[in-house]
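Chemist:
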Amino acid sequence: MSQLILFNKPYGVICQFSQHELHPTLKDHIALPGVYPAGRLDTDSEGLLLLTGEGALQHRISDPRWKLPKTYWVQVEGRVSEEQLEALRAGVDLGDFVTRPAQVRQIEPPALWERKPPVRFRKTVPDCWLEIIISEGKNRQVRRMTAKVGLPTLRLVRAAIGPWQLDGLQPGELRSISVNLEDLPALSHAERLGQGRDAPARKSTAAGSKAGPQPSFRFARRNKP
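Residues 19 to 243 (the working numbering) are what the sequence shown spells out, left to right.
#1: Kindly indicate which three-state DSSP category T164 falls into: helix, strand or coil?
#2: Which of the three DSSP states is assigned to L75 in this structure?
#3: Looking at the strands, I want to know which residues DSSP matches up with W182.
#4: For the pair the region 84-96 and the region 142-158, tell me if three or more CB-CB distances fall below 8 Å.
#5: Specify whether the region 154-166 and the region 67-78 touch according to this definition: at least 3 beta carbon pairs, one from each stretch, less than 8 Å apart.
#6: Output the distance between the C-alpha atoms of G65 and S194, rounded to the nearest integer angstrom.
#7: Once the 5 residues before and after W147 are set aside, which same chain residues still bring their CB inside 8 Å of it?
#8: What whole-angstrom Cβ distance do S80 and G57 have, given they're in contact under 8 Å?
#9: Let's test the definition: count the other Cβ atoms within 10 Å of the Cβ of N26 and tell me whether it reaches 16, buried, or not, exposed.
#10: What separation, rounded to the nearest whole angstrom, lies between the Cα atoms of R54 and Q21?
#11: How would you label A120, buried or exposed, when you count the other beta carbons within 10 angstroms and need 16 or more for buried?
#12: Please report the residue range of the beta strand (DSSP E) in which R193 lies.
#13: Check each candidate in K45, V98, L202, R173 and name the one with the smallest Cα separation from I179.
#14: Among I32, L44, M19, whose alpha-carbon lies nearest the alpha-carbon of L192?
#15: Considering only the alpha carbon of each residue, which of W182, G190, L187, L40 lies closest to V197?
#16: Can you tell me where the beta strand (DSSP E) with L187 in it begins and where it stops?
#17: Anyone know if the C-beta pair for P42 and G190 falls short of 7 Å?
#18: CA-CA distance, V122 and D46?
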């Protein structure tokens with residue numbers, strides 16, 4: 019069994035253990051020796067970050083070939099239209115790459131912790147929340163996707179990676195669990211044969227469906243963030 023750390027990264031924390039002259043880092047929150055992030059989360063994003071000291075487990079989580087779905091709750095500026103949702107689902111041309119099809123739907127504002135500093139709103143502009151599930155992890159991908167379709171991101175919270183969820187963790191809190199690599203999804207025979215080759219940018223997948231599975235997170239929903 020491998021040890022996996024689930025950590026709710028607060029806003030403004032950099033995903034590194036070395037000190038930073040401007041921002042707090044993981045070192046200020048995690049005292050466990052020998053663990054490292056499996057993947058990354060932008061400094062201005064919040065939510066689930068996975069850490070482990072096991073190389074095989076870190077590889078399974080961070081290697082894009084395993085396509086672990088990542089679930090984000092995204093507060094965007096503006097009223098969302100069906101055309102904008104369809105554009106996000108189909109794949110967005112960001113110039114340097116085209117995103118894979120995603121699961122996207124509008125949701126009620128989740129009952130989250132208060133962000134520090136708070137989000138700056140424009141009183142004359144409405145906002146709404148989206149749930150976006152992607153299987154990629156390019157730099158600032160979700161923010162770039164929403165901006166491309168005319169919905170600038172105000173707040174971004176990662177709620178789940180694969181089978182692991184925030185599940186009530188508050189900012190700065192962590193939980194240690196044991197993971198058996200044999201219990202994680204395996205690559206299909208076709209995917210194993212395709213390793214080392216670039217996948218088509220617009221490969222058709224089930225992730226493009228309109229309605230994804232209902233989230234099972236324990237955060238209650240409320241009307242205002």
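Using N, Cα and C, we set each Cβ at its ideal position, and we do this for glycine too.
Just so it is clear, the structure is predicted and the values come from calculations on it, not from any experiment.
Modeler: Let me lay it out:
#1: The residue given as residue 164 occupies position 146 in the sequence shown. Helix at T164.
#2: In the sequence shown, counting from the first residue as 1, residue 75 sits at position 57. Note: L75 maps to helix in three-state DSSP.
#3: Taking the first residue of the sequence shown as position 1, residue 182 is located at position 164. Paired residues: I179.
#4: yes
#5: no
#6: For the purposes of this step, residue 65 is taken as the residue at position 47 of the sequence shown. For the purposes of this step, residue 194 is taken as the residue at position 176 of the sequence shown. Straight-line Cα distance between these residues: approximately 16 Å.
#7: Sequence index remark: in the sequence shown, residue 147 carries index 129 (1-based). Excluding residues within five positions, the ones whose Cβ falls inside 8 Å are W91, V92, Q93, V94, Q124, I125, E126, P127, P128, P243.
#8: Here residue 80 corresponds to residue number 62 of the sequence shown, with the count starting at 1. Here residue 57 corresponds to residue number 39 of the sequence shown, with the count starting at 1. Yes, they are in contact, since the Cβ atoms of S80 and G57 sit about 5 Å apart, within 8 Å.
#9: Numbered from 1 along the sequence shown, position 8 holds the residue referred to as residue 26. With 16 or more Cβ atoms within 10 Å of its Cβ, N26 is classed as buried.
#10: As a working mapping, residue 54 is identified with position 36 in the sequence shown. As a working mapping, residue 21 is identified with position 3 in the sequence shown. Just to set this straight, residue 54 is Tyr in the shown sequence, not Arg. The straight-line gap from Cα to Cα measures roughly 11 Å.
#11: Sequence index remark: in the sequence shown, residue 120 carries index 102 (1-based). Under this definition A120 is a buried residue.
#12: Taking the sequence shown and counting its residues from 1, the one referred to as residue 193 is at position 175. It spans 192-197 - the beta strand (DSSP E) in which R193 sits, taken as one unbroken run.
#13: Residue 179 sits at position 161 when you count from the first residue of the sequence shown. Nearest C-alpha to I179: L202.
#14: Working through the sequence shown from its first residue, we reach residue 192 at position 174. Looking at the Cα atoms, L44 is the closest of the given residues.
#15: What you label residue 197 is simply residue 179 of the sequence shown in a count that begins at 1. Among W182, G190, L187, L40, the Cα nearest to that of V197 is on W182.
#16: Here the question's residue 187 lines up with position 169 in the sequence shown. No beta strand (DSSP E) holds L187; DSSP gives it neither H nor E.
#17: The residue you call residue 42 lines up with position 24 of the sequence shown. The residue you call residue 190 lines up with position 172 of the sequence shown. It is not a contact, given that the beta carbons lie outside the stated cut-off.
#18: Walking along the sequence shown from the start, residue 122 turns up at place 104. Walking along the sequence shown from the start, residue 46 turns up at place 28. Going by the C-alpha atoms only, they are around 34 Å apart.
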